[in-house]
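Numbers given in the working numbering equal positions in the sequence shown, counted from 1, plus 141. Backbone N, C-alpha and C define an ideal beta-carbon position, used for all residues, glycine too.
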Amino acid sequence: MAGHSGRPRETIMHTALAFANDDHAPVARPRLRLVPAAPGLSAMERQAVEIGRDDAFRPGWDASIAAPSWAERVATFLARTRRGMRAVVPLADPRLEKLRLFASMMRRDDRRLHDLADALLADGLSSVALHEAIGLALV
142 MAGHSGRPRE TIMHTALAFA NDDHAPVARP RLRLVPAAPG LSAMERQAVE IGRDDAFRPG
202 WDASIAAPSW AERVATFLAR TRRGMRAVVP LADPRLEKLR LFASMMRRDD RRLHDLADAL
262 LADGLSSVAL HEAIGLALV
């Protein structure tokens with residue numbers, strides 16, 4: 142977001158003042174009131190979703206979810222080295238990693254998606270940001 146100052150975004154909402162059951166009351170003009178908007182995805186969170194979207198169908202994606210055994214890691218490393226493929230590397234921030242996995246699971250139609258969505262909401266991600274992540278993952 143270019144020019145984002147770090148303050149919460151606000152939206153302007155019109156509130157009309159109405160006088161119930163009074164035909165002779167003067168008509169009040171609409172007043173403007175600032176209402177905090179639900180935060181969307183930050184620039185880093187958008188990048189994590191884009192990385193997850195791109196990683197969804199790469200070989201070794203499942204290995205980034207569960208810790209494989211030592212023998213599986215060696216076999217995967219040798220296969221990647223022979224073919225020249227880069228490994229799917231988890232992101233350092235746990236919340237960004239969950240977003241990356243969420244985007245990958247969206248693309249793959251994974252059955253664990255709902256559990257991960259609940260975990261993201263429990264971590265404080267707003268439902269608006271979650272819907273934005275869904276939209277970015279499906280592009």
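Cβ-based burial, residue i [other Cβ within 10 Å; buried from 16]
{"i": "S268", "result": "exposed"}
{"i": "L240", "result": "buried"}
{"i": "A216", "result": "exposed"}
{"i": "S245", "result": "buried"}
Beta-carbon gap between residue i and residue j smaller than 9 Å
{"i": "V280", "j": "F243", "result": "no"}
{"i": "L237", "j": "E186", "result": "yes"}
When the options are compared against residue i, the one with the closest alpha-carbon
{"i": "P180", "options": "F218, A263, E273", "result": "E273"}
{"i": "G265", "options": "G276, R248, P235", "result": "P235"}
{"i": "M195", "options": "V230, A260, D256, R252", "result": "The sequence shown places Asp at residue 195, rather than the Met named in the question. Among V230, A260, D256, R252, the Cα nearest to that of D195 is on V230."}
{"i": "D250", "options": "I275, T222, L232, A212", "result": "I275"}
Expected contact under 8 Å - CB spacing of residue i and residue j to nearest Å
{"i": "A258", "j": "G193", "result": "With 8 Å as the limit, A258 and G193 do not qualify as a contact, their Cβ atoms being about 13 Å apart."}
{"i": "L254", "j": "L262", "result": "So it is not a contact: roughly 13 Å between Cβ atoms."}
{"i": "A197", "j": "R248", "result": "4 Å"}
Chain D within 9 Å of residue i, Cβ atoms only
{"i": "D250", "result": "Included in the structure is just one protein chain, with no chain D present."}
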